[in-house]
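What follows is a short report on a single structure.
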Amino acid sequence: MSYPDLKITFLGTGTSGGVPMIGCSCDVCSSPDKKDKRLRSSILVQSKTTTLVVDTTPDFRYQMLRAGVKHLDAVVFTHPHKDHIAGLDDIRAFNFFSGKPMEIFANSLTEEALRREFVYVFSENKYPGLPKIKMNTITTEPFIIGDIPIIPIVVYHLKMPVLGFRFGKFTYITDANRIDEIEKQKVIGSEIIVLNALRKDKHVSHFTLGEAINLAEELNISKAYFTHISHQLGRHADINNELPEGIELAWDGLTLQFPNNIS
Ligand SMILES: [Zn+2]
Ligand SMILES: [Zn+2]
Numbered sequence: 001m002s003y004p005d006l007k008i009t010f011l012g013t014g015t016s017g018g019v020p021m022i023g024c025s026c027d028v029c030s031s032p033d034k035k036d037k038r039l040r041s042s043i044l045v046q047s048k049t050t051t052l053v054v055d056t057t058p059d060f061r062y063q064m065l066r067a068g069v070k071h072l073d074a075v076v077f078t079h080p081h082k083d084h085i086a087g088l089d090d091i092r093a094f095n096f097f098s099g100k101p102m103e104i105f106a107n108s109l110t111e112e113a114l115r116r117e118f119v120y121v122f123s124e125n126k127y128p129g130l131p132k133i134k135m136n137t138i139t140t141e142p143f144i145i146g147d148i149p150i151i152p153i154v155v156y157h158l159k160m161p162v163l164g165f166r167f168g169k170f171t172y173i174t175d176a177n178r179i180d181e182i183e184k185q186k187v188i189g190s191e192i193i194v195l196n197a198l199r200k201d202k203h204v205s206h207f208t209l210g211e212a213i214n215l216a217e218e219l220n221i222s223k224a225y226f227t228h229i230s231h232q233l234g235r236h237a238d239i240n241n242e243l244p245e246g247i248e249l250a251w252d253g254l255t256l257q258f259p260n261n262i263s
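Numbering (the working numbering), first residue to last: 1 to 263.
Put into structure tokens, the structure is as follows:
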């Protein structure tokens with residue numbers, strides 16, 4: 001089976017508090033550059049026939065409106081932190097227009113958190129207007145959504161396992177500070193990688209800018225984009241200028257379009 005051509009849209013590229021951060025008047029938070037406005041991290045993945053989103057951030061509703069998404073087939077979750085799940089309730093609009101429950105793909109760790117934090121969605125006593133979902137529990141095994149085959153990559157966020165996802169030539173990894181050798185093998189051969197790069201200073205659960213650069217180079221992937229960026233990293237234009245060739249900071253609204261040509 002050949003892999004479908006994909007379009008990727010960065011819906012958000014900010015860390016958990018977003019950029020600007022509430023109450024902050026630093027250089028980055030007061031920058032007029034639209035590339036310094038970062039909603040919480042999420043991407044839209046589209047083939048000709050299938051549209052899915054990775055994570056439902058607290059900004060999910062606005063991200064869907066801003067990207068003009070009229071139809072959504074599925075949500076795939078990386079991990080249960082609030083900045084990656086909080087917007088789930090707003091899939092209701094897609095239920096309304098499609099008349100169908102939303103397909104949700106999450107590992108058991110994330111599913112447990114969804115059941116706890118959205119208890120009303122899972123309750124036996126349904127009332128009208130509730131979000132309707134269909135849970136698909138994923139593991140480390142490859143799975144497919146519509147015509148898009150997906151390979152989960154296990155990465156670590158301090159001690160929490162987080163799922164990265166490989167879509168043909170494209171790999172998306174967020175909220176990691178470690179990848180084991182065996183999982184790196186699943187990523188190698190990608191032509192484009194997205195990695196989280198929080199800031200320059202060390203952090204317990206996120207790659208720093210330097211660590212993300214080293215990893216992109218070690219994996220020998222020619223094109224890398226960094227996401228989950230903090231206001232502490234610096235202004236987009238300044239930092240982007242310092243990066244090695246082939247590596248860029250992602251920004252909200254950036255789209256990548258590429259043929260996958262994998263048979
Ligand atoms: Zn996060
Ligand atoms: Zn996280």
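Beta carbons: idealized from backbone N, C-alpha and C, even for Gly.
By alpha-carbon distance to I43, the top candidate from L130, G234, A74, D27 is A74.
For S108, the uninterrupted alpha helix (DSSP H) segment begins and ends at 108–117. In this chain, I193 is not harboured by any alpha helix (DSSP H); it is covered by the beta strand (DSSP E) spanning 192–196. Look at H203: its beta carbon is at least 6 Å from all of the heavy atoms in ligand 2. Taking a contact to require three or more Cβ pairs closer than 8 Å, the stretch 221–241 and the stretch 13–20 qualify as touching.
In this structure N260 is in contact with G168, their Cβ atoms being roughly 4 Å apart against a cut-off of 8 Å. Taking a cut-off of 8 Å on C-beta distances, the stretch 112–130 does not touch the stretch 181–191, as fewer than three cross pairs fall below it.
One thing to note: D252 has its Cβ no nearer than 7 Å to the Cβ of L65. Around the beta carbon of S222, fewer than 16 other beta carbons sit within 10 angstroms, so the residue counts as exposed. Placement of the Cβ of D175 at a distance of less than 6 Å from at least one heavy atom of ligand 2 is found. Judged by beta-carbon spacing, T57 lies within the 7 Å limit of G87, meaning their Cβ atoms are closer than that value. A distance below 7 Å separates the beta carbons of K35 and H236.
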